[in-house]
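Enquirer: Protein chains in written order, with the working numbering: chain D, 1 to 117; chain E, 1001 to 1115.
By construction, the Cβ of each residue, glycine as well, lies at the ideal position given by its N, Cα and C atoms.
Take a look at the structure:
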């Protein structure tokens, strides 16, 4: 069964500092990979996704993520965080093909990001 | 264009009651998925509907059910509510069934509190 691990429950960074959120997955093949962000009281918004090809993917709001097959990781990065980036971040995996009956996202437990001035 | 709309946003029920939550997907989206979000379990997949048929189901008891209408709107129902059903219920829509064609668009959720 697929699983996603986000080892950091809570991260605090200073505004303007760089950020890296970790994500490791377990899956039989290379899955589709996603990062979502959830602001308080809101639903989830897709930041970026990896399906195939270039292992460094760019997303919205200045985020990027790098897929490393050898480490089964898909870490999210941002070179300089803004106070508005404070939110909860979820890594997710999905089936890499039309795996009918298994078309769902499996989410990590999330990393809460706090930004200090 | 309008996003995914969920109603009601907040509701309070007591144990043993039942509840129905509604989700209107983005126009043109035919797939609707439901997820339960709790602090302890995180985001858990409930089920997916496409063309009025349940296509996939998560590991939840039969008290959790849903349906989809011809206009792609979906409802989920929880019967005989338990305290542990307190959660944020998120609906997500996508244009097609498979994830490899795009992303899930989430609504803001319906927050259910069971007393």
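#1: On a Cα-Cα basis, can you pick out the residue from D/107, D/114, D/44 and D/94 that is closest to residue 29 of chain D?
#2: With a cut-off of 7 Å, does the C-beta of residue 1112 of chain E fall near any C-beta of chain D?
#3: If we cut at 7 Å on Cβ distances, does residue 104 of chain D have a partner in chain E?
#4: For the beta strand (DSSP E) that residue 74 of chain D lies in, which residues bound it at each end?
#5: Which chain E residues sit within Cβ distance under 8 Å of residue 109 of chain D?
#6: For residue 59 of chain D and residue 1080 of chain E, I'd like the C-alpha separation in whole angstroms.
#7: Among residues of its own chain, excluding the 5 on either side of residue 1051 of chain E, which ones have a beta-carbon nearer than 7 Å to its beta-carbon?
#8: Can you tell me whether DSSP reads residue 1084 of chain E as helix, strand or coil?
#9: Kindly indicate if chain E contains any beta-carbon less than 7 Å away from that of residue 62 of chain D.
#10: Between the C-alpha atoms of residue 1120 of chain E and residue 73 of chain D, what's the straight-line distance to the nearest angstrom?
#11: From this set, D/86, D/83 and D/69, which residue's C-alpha is nearest residue 25 of chain D's C-alpha?
#12: Check residue 94 of chain D in the structure and name its three-state DSSP category.
#13: How long is the line joining the alpha carbons of residue 134 of chain D and residue 21 of chain D, rounded to whole angstroms?
#14: Got a sec: which bits of the region 39-70 of chain D sit with their beta carbon under 8 Å from any beta carbon on chain E, in order along the chain?
#15: May I ask you to list, following chain order, the residues of the region 71-93 of chain D that have a beta carbon less than 9 Å from some beta carbon of chain E?
#16: Which term fits residue 1085 of chain E, buried or exposed, when burial requires 16 or more other beta carbons within 10 angstroms of its beta carbon?
#17: Looking at residue 1106 of chain E and residue 1092 of chain E, is the spacing between their C-beta atoms short of 7 Å?
Expert: So, to answer that:
#1: D/94
#2: no
#3: yes
#4: 73-78
#5: 1042
#6: 42 Å
#7: 1030
#8: helix
#9: no
#10: Only positions 1001 to 1115 of chain E appear in this structure, which leaves residue 1120 of chain E out of reach.
#11: D/69
#12: strand
#13: Given a span of 1 to 117 for chain D in the structure shown, any question on residue 134 of chain D remains unanswerable.
#14: 41, 42, 43, 44, 45, 46, 49 and 51
#15: 90 and 92
#16: buried
#17: yes
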